[in-house]
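Here the sequence shown stands for residues 1 to 350, numbered as in full-length UniProt numbering. We put the CB at the ideal spot given by N, CA and C, even for glycine. Quantities reported herein were computed from a predicted structural model and do not represent experimental measurements. Okay, so here's the structure we're looking at.
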Amino acid sequence: MIFASDNWAGAHPDISANLSRHAAGIATAYGDGELDRAVYQRFSEIFEREVAVFFVATGTAANALSMAACNRIGGVAFCHSEAHMNVDEFGAAGFYTGGARMSPVPGPLGRINPQALDRAIMRYSQDLAPAGQPMAVTITQATEVGTVYTVDDVKAVSEVARRHGLPLHMDGARFANAIAATDISPAEMTWKSGVDIISFGGTKNGCWMADAVVVLNPDVARDLRLLRQRAGQTFSKARFISAQFEAYLTDDLWLRMARQANAMAARLAETIEDAPTGRLAWLPQANEVFAVLDRTNAEKLQAAGAKFYEWGVPQGFDGHLGDNEAIYRFVASFATTAEDVDRFGQLIAG
Numbered sequence: 001m002i003f004a005s006d007n008w009a010g011a012h013p014d015i016s017a018n019l020s021r022h023a024a025g026i027a028t029a030y031g032d033g034e035l036d037r038a039v040y041q042r043f044s045e046i047f048e049r050e051v052a053v054f055f056v057a058t059g060t061a062a063n064a065l066s067m068a069a070c071n072r073i074g075g076v077a078f079c080h081s082e083a084h085m086n087v088d089e090f091g092a093a094g095f096y097t098g099g100a101r102m103s104p105v106p107g108p109l110g111r112i113n114p115q116a117l118d119r120a121i122m123r124y125s126q127d128l129a130p131a132g133q134p135m136a137v138t139i140t141q142a143t144e145v146g147t148v149y150t151v152d153d154v155k156a157v158s159e160v161a162r163r164h165g166l167p168l169h170m171d172g173a174r175f176a177n178a179i180a181a182t183d184i185s186p187a188e189m190t191w192k193s194g195v196d197i198i199s200f201g202g203t204k205n206g207c208w209m210a211d212a213v214v215v216l217n218p219d220v221a222r223d224l225r226l227l228r229q230r231a232g233q234t235f236s237k238a239r240f241i242s243a244q245f246e247a248y249l250t251d252d253l254w255l256r257m258a259r260q261a262n263a264m265a266a267r268l269a270e271t272i273e274d275a276p277t278g279r280l281a282w283l284p285q286a287n288e289v290f291a292v293l294d295r296t297n298a299e300k301l302q303a304a305g306a307k308f309y310e311w312g313v314p315q316g317f318d319g320h321l322g323d324n325e326a327i328y329r330f331v332a333s334f335a336t337t338a339e340d341v342d343r344f345g346q347l348i349a350g
């Protein structure tokens with residue numbers, strides 16, 4: 001009953017086996033081996049165009065380096081006010097950029113409101129240059145509260161970014177879950193809808209440690225190779241990241257794992273909705289479920305072995321919280337089983 005985070009899950013056996021398969025022998029270092037180049041090509045096939053791929057250690061590094069690649073003097077990047085980059089990365093974007101700032105933009109349930117974004121960017125007009133220079137817009141897919149941007153949503157944000165001459169970045173730590181939820185192609189969800197650069201995550205979805213910055217627009221992030229080197233994110237034995245991604249992207253393993261996680265989240269949502277002591281805070285769209293529980297009941301569930309966290313009330317929440325109620329987050333992973341969910345269902349049913 002581990003619903004604390006998809007980061008708690010282990011690695012898929014196929015990915016572990018592929019790491020072992022590539023562990024022996026000699027290979028060119030620093031991402032220039034045959035396996036590395038094959039994986040770069042696989043990314044290009046998935047995104048339906050030639051892309052540049054830069055492996056990094058974490059999603060935070062991917063996000064911060066993406067911002068560094070888009071940086072301007074006095075740079076300001078626009079994100080949702082509850083975005084991971086804004087509230088959970090300890091100022092990494094500012095550190096990697098040498099001082100750029102995140103400008104939070106409101107929007108319901110984790111998604112930027114395009115009109116609010118336009119107003120936020122307009123505040124930095126040229127006659128107020130000392131306030132800073134807009135440098136990028138970033139959205140999270142899937143969002144921090146388990147919602148998903150549709151293609152039309154992405155295009156609406158992209159249109160605002162384009163009108164102001166700003167590149168659009170996507171934090172795709174749970175990109176696989178969003179693609180599995182919408183059944184939209186990676187190309188359609190990204191560059192065909194105006195996304196220029198994406199933080200592509202594999203770690204939350206069955207890899208050991210595999211994240212990457214994928215540059216979709218060749219006019220963006222020209223210095224990323226140098227920025228990554230300076231940041232200490234250039235792996236000497238990059239083949240071990242490539243080995244993970246090779247297995248991850250073979251036979252749609254990445255999407256099969258994401259579909260499993262999403263399906264278990266849907267099952268969990270039904271379980272909570274049917275329980276006499278809980279209700280959904282809003283409908284889940286990917287692999288995260290948010291529920292309203294009485295704190296006393298939540299503590300009993302946790303004491304019985306269920307792992308999940310209390311969560312803050314997000315913008316756009318239109319429900320009601322009682323005096324002793326709170327919102328709790330539950331996250332399903334590729335390793336979550338129906339038995340895990342059903343066991344939790346027995347507990348919450350009393």
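Practice item. Can you grab the Cα-Cα spacing for the pair M264 / S333, in whole Å? Key: 8 Å
Point to revise | Exposure of D171, with buried meaning 16 or more beta-carbon neighbours within 10 Å | key: buried
Point to revise | Best match in G75, H164 and N113 for proximity to G132 [C-alpha to C-alpha] | key: G75
Point to revise | Exposed unless 16 or more other CB atoms sit within 10 angstroms - verdict on W254 | key: buried
Exercise for review: Check each candidate in A286, D251 and P276 and name the one with the smallest Cα separation from R267.
Suggested key: A286
**Study point:** 7 Å Cβ shell around T58 - same chain, five flanking residues per side excluded
**Key:** D211
Review point. W311 bridges to which residues according to DSSP?
Key: I327
Check your understanding: Which residues in the same chain have their Cβ closer than 6 Å to the Cβ of N63, if we skip the five residues on either side of it in sequence?
Key -> M85, D171 and S199
Check your understanding: What do you reckon, are the CB atoms on R111 and T147 nearer than 8 Å?
Key -> yes
Point to revise | Contact the region 307-320 vs the region 219-233: 3+ CB pairs below 8 Å | key: no
Check your understanding: Mapping DSSP to helix, strand and coil, what is E273?
Key -> helix
Exercise for review: Enumerate in chain order the residues of its own chain whose CB-to-CB distance from K204 is below 7 Å, with the five nearest sequence positions on each side excluded.
Suggested key: D6, N7, A173 and R174
Check your understanding: Do the region 66-74 and the region 33-47 meet, that is, are 3 or more Cβ pairs less than 8 Å apart?
Key -> no
Exercise for review: Taking only the alpha-carbon atoms, compute the straight-line gap between A187 and V289 and give it to the nearest angstrom.
Suggested key: 27 Å
Point to revise | S242 and L35 closer than 8 Å at C-beta | key: yes
Check your understanding: Whose C-beta lies closer than 7 Å to the C-beta of R329 among residues of the same chain, with five residues either side of it excluded?
Key -> E288, F290, F308, Y309 and W311
Check your understanding: Which class does Q133 belong to by DSSP, given the choice of helix, strand or coil?
Key -> strand
Exercise for review: State the Cα-Cα distance for the pair D88 and H164, rounded to the nearest angstrom.
Suggested key: 27 Å
Review point. Per DSSP, what kind of secondary structure is T138 in: helix, strand or coil?
Key: strand
**Study point:** L283 to H169 span [Cα, whole Å]
**Key:** 26 Å
Practice item. Locate the alpha helix (DSSP H) running through V157, then write down its first and last residues. Key: V151 to R163
Exercise for review: Compute the distance between the beta-carbons of Q315 and S81, then report whether it is under 8 Å.
Suggested key: yes
Exercise for review: Kindly give me the distance between the Cβ atoms of T60 and A92, rounded to whole angstroms, as I take these residues to be in contact under 8 Å.
Suggested key: 5 Å
Point to revise | Spatial distance of C207 from V292 (CA atoms) | key: 31 Å
Practice item. State the start and end residues of the unbroken beta strand (DSSP E) segment that holds E50. Key: Taken as a continuous stretch (DSSP letters only), E50 belongs to no beta strand (DSSP E), as it is neither H nor E.
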